[in-house]
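**Student:** I have a structure here, written as structure tokens, and I will follow up with some questions on it.
In my numbering, the protein residues as written are 3 to 293.
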């Protein structure tokens with residue numbers, strides 16, 4: 003692509019973009035405040051929760067539910083590089099059963115990205131910040147196999163200011179909010195795990211029990227919510243063919259686009275210990291099934 007214009011750091015050929023009826027953020031991202039922190043930002047998060055929050059901002063004027071992403075592991079460095087270069091913007095291409103059945107949307111709800119191995123204090127601070135109402139996670143099924151003897155878990159027991167694991171960040175952030183007399187954030191698992199809220203709670207409590215802090219343990223048990231949820235959207239790993247497709251057919255030079263099916267689903271318990279987005283509005287979107 004030799005010509006094009008910048009949309010907040012994505013290079014877009016507007017004629018191609020308009021030809022596929024592409025949608026760019028209609029809201030001022032500078033006015034979008036963070037209300038959600040997502041740990042472990044991958045393609046599924048970017049096609050699912052981040053998409054939903056983009057809909058709420060774009061179509062319903064909800065400006066309090068921007069997302070700050072945290073990359074927790076060293077393998078998240080490439081995502082950090084791309085997201086910072088693109089100011090959090092990326093392309094979501096939703097595909098139907100035939101090649102002509104596509105929707106193209108530039109997602110703007112991811113307003114900041116933190117690479118925790120290099121910025122642990124910043125990652126912890128954003129979780130402690132009172133604007134953070136929800137901490138969401140995608141760690142895959144194996145991520146819930148809590149191993150108390152793992153070296154990083156052992157490290158996190160002793161280093162509350164520079165944790166290395168998702169559970170370390172969440173528990174130490176909750177403890178800081180408890181000590182500051184702040185409301186806790188709701189912890190939302192977005193993994194396809196049976197009873198994912200209860201499963202997450204067990205891991206969090208296992209971690210907290212090893213800190214020998216009964217006040218923190220009671221705080222988590224009585225004040226923190228872990229709603230169970232069911233999520234669904236087929237979202238493959240991005241490859242170079244996808245990048246070339248987005249460049250040639252959508253007119254966007256994107257370092258890490260997301261390709262997903264049209265169908266998506268999010269069924270979640272209305273059990274939040276802090277404010278939540280007006281998720282019920284999402285059920286009116288034609289490609290979504292939200293309950």
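Just so it is clear, CB atoms sit at the ideal spot from N, CA and C, and this is done for glycine as well.
List the whole-angstrom C-beta distance separating residue 41 from residue 171, where the pair is believed to meet the contact cut-off of C-beta under 8 Å.
**Tutor:** Start at 1 with the first residue of the chain shown, and residue 41 comes out as number 39. Start at 1 with the first residue of the chain shown, and residue 171 comes out as number 169. At roughly 7 Å, the Cβ-Cβ gap stays under 8 Å, so residue 41 and residue 171 are in contact.
**Student:** From residue 216 to residue 267, what does the alpha carbon distance come to, in whole angstroms?
**Tutor:** The residue given as residue 216 occupies position 214 in the chain shown. The residue given as residue 267 occupies position 265 in the chain shown. Distance between the alpha carbons of residue 216 and residue 267: 38 Å.
**Student:** What residues match up with residue 67 in a beta bridge as DSSP calls it?
**Tutor:** For the purposes of this step, residue 67 is taken as residue 65 along the chain shown, with counting starting at 1. Answer by DSSP bridge pairing: none, since residue 67 is not bridged.
**Student:** Give the single residue among 14, 283, 48 whose Cα lies nearest to the Cα of residue 139.
**Tutor:** Residue 139 sits at position 137 when you count from the first residue of the chain shown. Residue 48 is the option with its Cα nearest to residue 139.
**Student:** Which partner residues does residue 136 have in the DSSP bridge list?
**Tutor:** Along the chain shown, one-based indexing puts residue 136 at 134. According to DSSP, which records beta bridges pairwise, residue 136 is partnered with 38, 188.
**Student:** Measuring straight from C-alpha to C-alpha, what distance separates residue 234 and residue 265?
**Tutor:** In the chain shown, residue 234 corresponds to position 232, counting from 1. In the chain shown, residue 265 corresponds to position 263, counting from 1. Their backbone Cα atoms lie some 8 Å apart in a straight line.
**Student:** Can you look up residue 107 in the DSSP assignment and give me helix, strand or coil?
**Tutor:** By 1-based counting over the chain shown, the position of residue 107 is 105. It is a strand residue.
**Student:** Using a Cβ-Cβ cut-off of 6 Å (strictly less than) and excluding sequence neighbours within five positions of residue 134, which residues of its own chain qualify?
**Tutor:** Locating residue 134 in the chain shown gives position 132, counting from the first residue. So the list reads 39, 187, once near-sequence residues are dropped.
**Student:** What's the C-alpha gap between residue 90 and residue 81?
**Tutor:** By one-based count along the chain shown, residue 90 stands at place 88. By one-based count along the chain shown, residue 81 stands at place 79. Those two C-alpha atoms are separated by around 10 Å.
**Student:** Whose C-alpha, out of 106, 114, 61, is nearest the C-alpha of residue 84?
**Tutor:** If you number the chain shown from 1, residue 84 lands on position 82. That would be 114, whose Cα lies nearest to the Cα of residue 84.
**Student:** At 4 residues or longer, and completely inside the stretch 143-199: list those alpha helix (DSSP H) runs for me, N to C.
**Tutor:** Listed in chain order, the complete alpha helix (DSSP H) runs (minimum 4 residues) inside the stretch 143-199 are 153-160, 168-181.
**Student:** So, do the stretch 148-166 and the stretch 93-106 have three or more beta carbon pairs nearer to each other than 8 Å?
**Tutor:** No contact exists between the stretch 148-166 and the stretch 93-106.
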